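Notes to accompany the following structure.
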Amino acid sequence: MPQRHSKNNNDLAFFTYDEKRQLGYGTQKERLGKDSIKPFDACCLCLKPFIDPMSCQKGHVFCKECILECLLAQRKDIQRKLAAHAAQQKQEKEEQEERLMLQKSRELDAFDQQNHGAVPQYNDRNHSTDKNGFHGANSVKATSYEAEALRTMKAFWLPSATPEAPVKVEAPSTGTICPEGKEKLKLKSLFPIYFSEDNSEQKKSNSLDKTYICPSCKVTLTNALSLVALSSCGHVFCKKCADRFMAVDKVCLVCDKACKERNLVTLVKGGTGFAGHGDHLEATDFKHLGSGSGLGLVRPAAKT
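Structural data, given as C-alpha coordinates:
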(Lines of atoms letter the chains of each structure in order from A and count residues from 1; the text may use other names and numbers.)
(Lines give C-alpha, C1' and ligand atoms only; values in the text may rest on other atoms or scores of the structure.)
Protein backbone atom coordinates (compact mmCIF):
# COMPACT_ATOMS: atom_id res chain seq x y z
CA MET A 1 0.00 0.00 0.00
CA PRO A 2 1.54 3.37 -0.99
CA GLN A 3 2.24 6.03 1.62
CA ARG A 4 -0.01 8.99 2.17
CA HIS A 5 0.38 12.07 0.00
CA SER A 6 1.50 14.13 3.03
CA LYS A 7 4.59 11.94 3.42
CA ASN A 8 5.51 12.28 -0.25
CA ASN A 9 4.94 16.02 -0.42
CA ASN A 10 8.43 17.46 0.09
CA ASP A 11 8.14 20.81 -1.71
CA LEU A 12 6.64 22.73 1.20
CA ALA A 13 8.30 25.78 2.73
CA PHE A 14 8.37 24.13 6.15
CA PHE A 15 9.22 20.72 7.58
CA THR A 16 6.38 18.30 8.07
CA TYR A 17 6.07 16.02 11.10
CA ASP A 18 7.37 13.00 9.17
CA GLU A 19 10.35 14.95 7.79
CA LYS A 20 11.28 16.10 11.30
CA ARG A 21 11.21 12.52 12.53
CA GLN A 22 13.40 11.32 9.66
CA LEU A 23 15.92 14.10 10.37
CA GLY A 24 16.14 13.12 14.04
CA TYR A 25 14.26 16.05 15.56
CA GLY A 26 11.95 15.66 18.51
CA THR A 27 12.20 13.57 21.66
CA GLN A 28 14.27 10.41 21.35
CA LYS A 29 14.59 7.74 24.03
CA GLU A 30 17.04 4.90 24.27
CA ARG A 31 17.33 2.10 26.79
CA LEU A 32 20.72 2.08 28.50
CA GLY A 33 22.77 -1.06 28.22
CA LYS A 34 24.65 -3.03 30.82
CA ASP A 35 27.88 -1.12 30.22
CA SER A 36 26.23 2.14 31.34
CA ILE A 37 25.33 0.81 34.79
CA LYS A 38 27.80 0.47 37.64
CA PRO A 39 28.00 -3.12 38.95
CA PHE A 40 27.05 -3.73 42.54
CA ASP A 41 30.55 -5.00 43.34
CA ALA A 42 32.32 -1.83 42.11
CA CYS A 43 33.69 1.01 44.21
CA CYS A 44 31.83 4.31 43.93
CA LEU A 45 35.13 6.23 43.69
CA CYS A 46 37.47 4.21 41.48
CA LEU A 47 34.66 2.31 39.66
CA LYS A 48 36.72 -0.88 39.85
CA PRO A 49 35.93 -4.14 41.65
CA PHE A 50 36.25 -3.24 45.31
CA ILE A 51 39.11 -4.36 47.56
CA ASP A 52 38.33 -4.57 51.29
CA PRO A 53 34.88 -3.00 50.79
CA MET A 54 33.43 -0.61 53.34
CA SER A 55 29.97 0.90 53.45
CA CYS A 56 28.47 4.01 54.99
CA GLN A 57 25.16 4.07 56.83
CA LYS A 58 23.38 5.10 53.60
CA GLY A 59 24.60 2.02 51.71
CA HIS A 60 27.32 3.47 49.47
CA VAL A 61 30.18 0.99 48.98
CA PHE A 62 33.83 2.05 48.67
CA CYS A 63 37.24 0.44 48.67
CA LYS A 64 38.89 0.90 52.04
CA GLU A 65 41.91 2.67 50.53
CA CYS A 66 39.76 4.94 48.33
CA ILE A 67 37.48 6.19 51.09
CA LEU A 68 40.35 6.72 53.54
CA GLU A 69 42.26 8.77 50.98
CA CYS A 70 39.12 10.78 50.24
CA LEU A 71 38.45 11.57 53.90
CA LEU A 72 42.13 12.45 54.48
CA ALA A 73 42.09 14.82 51.50
CA GLN A 74 38.91 16.45 52.82
CA ARG A 75 40.49 17.00 56.25
CA LYS A 76 43.59 18.57 54.71
CA ASP A 77 41.37 20.87 52.66
CA ILE A 78 39.40 21.82 55.79
CA GLN A 79 42.64 22.65 57.64
CA ARG A 80 43.77 24.83 54.72
CA LYS A 81 40.44 26.69 54.65
CA LEU A 82 40.49 27.17 58.43
CA ALA A 83 44.01 28.65 58.25
CA ALA A 84 42.95 31.02 55.43
CA HIS A 85 39.86 32.07 57.40
CA ALA A 86 41.91 32.71 60.55
CA ALA A 87 44.43 34.80 58.57
CA GLN A 88 41.61 36.84 57.06
CA GLN A 89 40.05 37.48 60.46
CA LYS A 90 43.43 38.59 61.81
CA GLN A 91 43.91 40.95 58.89
CA GLU A 92 40.42 42.42 59.31
CA LYS A 93 41.11 42.97 63.01
CA GLU A 94 44.38 44.77 62.27
CA GLU A 95 42.68 46.94 59.63
CA GLN A 96 39.90 47.81 62.09
CA GLU A 97 42.43 48.82 64.75
CA GLU A 98 44.31 50.93 62.18
CA ARG A 99 41.11 52.68 61.14
CA LEU A 100 40.30 53.46 64.77
CA MET A 101 43.79 54.89 65.32
CA LEU A 102 43.50 57.05 62.18
CA GLN A 103 40.09 58.28 63.26
CA LYS A 104 41.43 59.26 66.69
CA SER A 105 44.38 60.98 65.03
CA ARG A 106 42.06 63.01 62.78
CA GLU A 107 39.91 63.99 65.77
CA LEU A 108 42.97 65.14 67.68
CA ASP A 109 44.21 67.14 64.68
CA ALA A 110 40.81 68.79 64.26
CA PHE A 111 40.72 69.63 67.97
CA ASP A 112 44.27 71.06 67.79
CA GLN A 113 43.41 73.27 64.78
CA GLN A 114 40.24 74.51 66.47
CA ASN A 115 42.08 75.52 69.63
CA HIS A 116 45.17 77.08 68.02
CA GLY A 117 43.41 79.26 65.47
CA ALA A 118 44.42 79.61 61.81
CA VAL A 119 46.70 77.33 59.92
CA PRO A 120 50.35 78.44 60.34
CA GLN A 121 51.99 80.01 57.32
CA TYR A 122 55.55 79.71 56.10
CA ASN A 123 57.53 82.47 54.33
CA ASP A 124 59.72 79.95 52.54
CA ARG A 125 57.91 78.42 49.60
CA ASN A 126 60.29 75.48 49.47
CA HIS A 127 59.71 74.67 53.11
CA SER A 128 58.82 71.02 53.57
CA THR A 129 57.76 69.08 56.59
CA ASP A 130 57.09 65.47 57.35
CA LYS A 131 54.21 63.60 55.75
CA ASN A 132 51.94 64.47 58.68
CA GLY A 133 52.77 68.21 58.65
CA PHE A 134 51.55 71.23 56.65
CA HIS A 135 52.57 71.83 53.04
CA GLY A 136 52.26 75.53 52.17
CA ALA A 137 50.04 78.33 53.37
CA ASN A 138 47.09 77.52 51.11
CA SER A 139 47.07 73.76 51.61
CA VAL A 140 45.43 71.64 54.23
CA LYS A 141 46.95 68.97 56.33
CA ALA A 142 47.14 65.60 54.60
CA THR A 143 46.62 62.78 57.03
CA SER A 144 48.48 59.51 56.86
CA TYR A 145 45.27 57.77 55.92
CA GLU A 146 44.79 59.98 52.84
CA ALA A 147 48.44 59.64 51.87
CA GLU A 148 48.13 55.87 52.04
CA ALA A 149 44.96 55.97 49.95
CA LEU A 150 46.66 58.12 47.31
CA ARG A 151 49.69 55.87 47.26
CA THR A 152 47.70 52.66 46.79
CA MET A 153 45.17 54.08 44.33
CA LYS A 154 44.92 51.89 41.22
CA ALA A 155 44.54 53.14 37.67
CA PHE A 156 41.42 51.29 36.57
CA TRP A 157 42.04 52.15 32.89
CA LEU A 158 45.27 50.13 32.84
CA PRO A 159 44.84 46.33 32.77
CA SER A 160 48.00 45.84 34.83
CA ALA A 161 46.86 48.30 37.52
CA THR A 162 43.18 47.29 37.73
CA PRO A 163 42.15 46.83 41.36
CA GLU A 164 40.99 43.40 42.39
CA ALA A 165 37.95 42.77 44.54
CA PRO A 166 38.89 41.29 47.91
CA VAL A 167 38.07 37.60 48.20
CA LYS A 168 35.90 36.86 51.21
CA VAL A 169 36.84 33.54 52.80
CA GLU A 170 33.84 32.05 54.55
CA ALA A 171 34.16 29.83 57.60
CA PRO A 172 34.33 26.25 56.27
CA SER A 173 32.41 23.31 57.61
CA THR A 174 34.57 21.13 59.82
CA GLY A 175 32.79 17.87 58.97
CA THR A 176 33.69 15.45 56.18
CA ILE A 177 31.01 14.42 53.70
CA CYS A 178 30.29 11.28 51.72
CA PRO A 179 31.57 11.69 48.14
CA GLU A 180 28.55 9.82 46.78
CA GLY A 181 25.59 10.78 48.97
CA LYS A 182 26.78 14.29 50.00
CA GLU A 183 25.75 13.71 53.62
CA LYS A 184 28.01 14.00 56.65
CA LEU A 185 30.33 11.05 57.00
CA LYS A 186 32.67 10.13 59.81
CA LEU A 187 35.32 7.46 59.78
CA LYS A 188 33.78 5.65 62.73
CA SER A 189 30.43 5.37 60.92
CA LEU A 190 31.98 3.20 58.18
CA PHE A 191 31.79 -0.55 58.59
CA PRO A 192 33.40 -3.38 56.55
CA ILE A 193 31.12 -5.65 54.53
CA TYR A 194 31.70 -9.27 53.54
CA PHE A 195 30.30 -10.96 50.43
CA SER A 196 29.91 -14.72 50.25
CA GLU A 197 31.85 -15.98 47.24
CA ASP A 198 30.57 -18.88 45.17
CA ASN A 199 33.24 -21.57 45.56
CA SER A 200 31.49 -24.36 43.68
CA GLU A 201 33.54 -26.35 41.17
CA GLN A 202 31.22 -25.43 38.30
CA LYS A 203 31.67 -21.70 38.86
CA LYS A 204 35.43 -22.06 39.19
CA SER A 205 35.75 -23.87 35.89
CA ASN A 206 33.36 -21.65 33.89
CA SER A 207 34.35 -18.16 34.97
CA LEU A 208 37.48 -16.32 36.00
CA ASP A 209 35.58 -13.48 37.69
CA LYS A 210 34.38 -13.68 41.24
CA THR A 211 30.74 -14.56 41.71
CA TYR A 212 28.94 -13.71 44.91
CA ILE A 213 25.90 -15.46 46.33
CA CYS A 214 23.45 -14.91 49.15
CA PRO A 215 24.59 -17.10 52.06
CA SER A 216 20.98 -17.91 52.89
CA CYS A 217 19.21 -18.81 49.62
CA LYS A 218 22.40 -19.34 47.53
CA VAL A 219 21.10 -17.06 44.75
CA THR A 220 23.74 -15.36 42.61
CA LEU A 221 23.91 -11.66 43.42
CA THR A 222 23.38 -9.31 40.47
CA ASN A 223 22.28 -5.72 39.85
CA ALA A 224 18.71 -6.98 39.55
CA LEU A 225 18.60 -7.90 43.26
CA SER A 226 18.37 -5.51 46.20
CA LEU A 227 21.14 -6.22 48.70
CA VAL A 228 21.15 -5.65 52.44
CA ALA A 229 24.24 -5.51 54.67
CA LEU A 230 24.29 -5.88 58.45
CA SER A 231 26.22 -3.05 60.07
CA SER A 232 26.75 -5.20 63.16
CA CYS A 233 28.76 -7.93 61.42
CA GLY A 234 29.04 -6.85 57.77
CA HIS A 235 27.52 -9.89 56.04
CA VAL A 236 25.52 -9.22 52.87
CA PHE A 237 22.19 -10.90 52.04
CA CYS A 238 19.52 -10.43 49.42
CA LYS A 239 16.66 -8.24 50.58
CA LYS A 240 14.16 -11.09 50.48
CA CYS A 241 16.14 -13.15 53.00
CA ALA A 242 16.88 -10.12 55.15
CA ASP A 243 13.21 -9.22 55.44
CA ARG A 244 12.15 -12.82 56.01
CA PHE A 245 14.77 -13.93 58.56
CA MET A 246 16.98 -11.16 60.00
CA ALA A 247 14.14 -8.71 60.53
CA VAL A 248 12.16 -11.38 62.39
CA ASP A 249 14.80 -13.45 64.21
CA LYS A 250 17.10 -10.45 64.97
CA VAL A 251 20.19 -12.59 64.37
CA CYS A 252 22.67 -13.03 61.51
CA LEU A 253 22.34 -16.34 59.64
CA VAL A 254 26.11 -16.65 59.13
CA CYS A 255 27.74 -15.71 62.43
CA ASP A 256 24.68 -15.82 64.76
CA LYS A 257 25.43 -12.30 65.93
CA ALA A 258 22.50 -10.31 67.26
CA CYS A 259 21.23 -7.47 65.08
CA LYS A 260 18.46 -4.93 65.25
CA GLU A 261 16.21 -3.29 62.72
CA ARG A 262 18.53 -0.27 62.40
CA ASN A 263 21.45 -2.56 61.51
CA LEU A 264 19.85 -3.48 58.17
CA VAL A 265 21.48 -1.19 55.57
CA THR A 266 20.26 -1.39 51.98
CA LEU A 267 23.22 -1.15 49.59
CA VAL A 268 22.84 1.49 46.88
CA LYS A 269 23.14 0.30 43.32
CA GLY A 270 23.03 2.45 40.24
CA GLY A 271 24.89 3.90 37.34
CA THR A 272 27.63 6.33 36.53
CA GLY A 273 27.56 9.41 34.34
CA PHE A 274 24.03 9.98 33.09
CA ALA A 275 22.74 6.55 34.09
CA GLY A 276 20.15 6.72 36.83
CA HIS A 277 18.91 4.50 39.63
CA GLY A 278 15.98 2.15 39.61
CA ASP A 279 14.18 0.52 36.71
CA HIS A 280 13.65 3.54 34.41
CA LEU A 281 17.13 3.58 32.90
CA GLU A 282 16.46 5.58 29.73
CA ALA A 283 18.45 8.36 28.08
CA THR A 284 16.23 11.13 26.72
CA ASP A 285 17.37 13.71 24.16
CA PHE A 286 15.33 16.54 22.64
CA LYS A 287 16.37 18.36 19.46
CA HIS A 288 14.52 21.23 17.81
CA LEU A 289 15.06 23.27 14.67
CA GLY A 290 16.93 26.56 14.80
CA SER A 291 14.96 29.56 13.54
CA GLY A 292 16.24 30.66 10.14
CA SER A 293 19.68 29.04 10.33
CA GLY A 294 18.70 25.49 9.49
CA LEU A 295 20.80 24.23 12.41
CA GLY A 296 19.35 22.42 15.38
CA LEU A 297 19.91 23.29 19.01
CA VAL A 298 20.29 20.28 21.26
CA ARG A 299 19.10 20.30 24.83
CA PRO A 300 21.21 18.04 27.13
CA ALA A 301 19.60 14.80 28.16
CA ALA A 302 17.88 14.91 31.53
CA LYS A 303 18.88 12.43 34.21
CA THR A 304 16.27 9.75 34.73
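If you read the sequence shown in the working numbering, its first letter stands for residue 4, the second for the next number, and so on.
Yeah, the Cβ is synthetic: ideal placement off N, Cα and C, and Gly gets one too.
Treat the numbers as computed from the prediction; the structure is a model and nothing was measured.
Secondary structure, beta strand (DSSP E): runs of 3+ residues fully inside the stretch 170-237 = 230-233
To which residues of the same chain is A250 closer than 8 Å at the C-beta, ignoring the five residues directly before and after it?
-> E264, L267
Cβ-based neighbour list, L85, same chain, cut-off 7 Å, excluding 5 preceding and 5 following | P175
Output the distance between the C-alpha atoms of V170 and R247, rounded to the nearest integer angstrom.
-> 57 Å
Would you mind working out which of L103, R109, L224, I180 sits nearest L308, comparing C-alpha positions?
-> Missing from the structure shown is residue 308; the chain here goes from 4 to 307 and no further.
Same chain only: Cβ atoms within 7 Å of N226, ignoring 5 sequence neighbours per side | I40, P42, F43, K272
Extent of the continuous beta strand (DSSP E) to which L111 belongs = Where L111 is concerned, there is no enclosing beta strand (DSSP E), although the alpha helix (DSSP H) it sits in stretches over 67-119.
Could you give the distance in angstroms between the alpha-carbon of Q60 and the alpha-carbon of S203?
-> 32 Å
Helix, strand or coil: how does DSSP classify K243 here?
-> helix
How about I196 and V64: do their beta carbons lie closer than 8 Å?
-> yes
Please determine, among Q91, L188, S219, the residue with the shortest C-alpha to C-alpha distance to H238.
-> S219
Span separating the alpha-carbon of E22 from that of A76 | 54 Å
For the alpha helix (DSSP H) containing L267, list its first residue and its last residue.
-> Taken as a continuous stretch (DSSP letters only), L267 belongs to no alpha helix (DSSP H), being part of the beta strand (DSSP E) at 267-269.
Can you say whether I54 is buried or exposed, counting buried as having 16 or more other CB atoms within 10 angstroms of its CB?
-> exposed
Taking the CB atoms as reference points, tell me whether T269 and K243 lie closer together than 8 Å.
-> no
State buried or exposed for S321, treating a residue as buried only when at least 16 other CB atoms are found within 10 Å of its CB.
-> With the chain covering 4 to 307 only, the question about residue 321 has no answer from this structure.
Helix or strand or just coil, what does DSSP make of V64?
-> strand
Skipping 5 residues on each side, what residues in its chain have a beta carbon closer than 7 Å to that of R78?
-> T179
Would you report the Cα separation of Q92 and I81, rounded to the nearest angstrom?
-> 16 Å
Bounding residues of the alpha helix (DSSP H) (the contiguous stretch that carries D259) | That residue, D259, is in no alpha helix (DSSP H); it is neither H nor E in DSSP.
Excluding sequence positions up to five away, which residues of its chain have a Cβ less than 6 Å from the Cβ of V254?
-> A261
Run through DSSP, which three-state label would A45 get?
-> strand
Rounded to a whole number of angstroms, what is the C-alpha to C-alpha distance between K185 and E200?
-> 31 Å
Find the nearest neighbour of T177 within the set K51, I70, L74, L50, judged by alpha-carbon distance.
-> L74
According to the neighbour-count rule (16 or more other Cβ atoms, all chains shown, within 10 Å of its Cβ), is S192 buried or exposed?
-> exposed
Exposed or buried, what is R56 when buried is set at 16 or more other beta-carbons lying within 10 Å of its beta-carbon?
-> Here residue 56 is Pro; the residue named in the question, Arg, does not match the sequence. P56 is buried by the Cβ-count criterion.
Expressed to the nearest angstrom, what Euclidean distance is found between the alpha-carbon atoms of C49 and D252?
-> 37 Å
Check whether S58 and F194 have beta carbons under 8 Å apart | yes
Measuring CA to CA, which of E68, E183, N118, T30 is closest to C47?
-> E183
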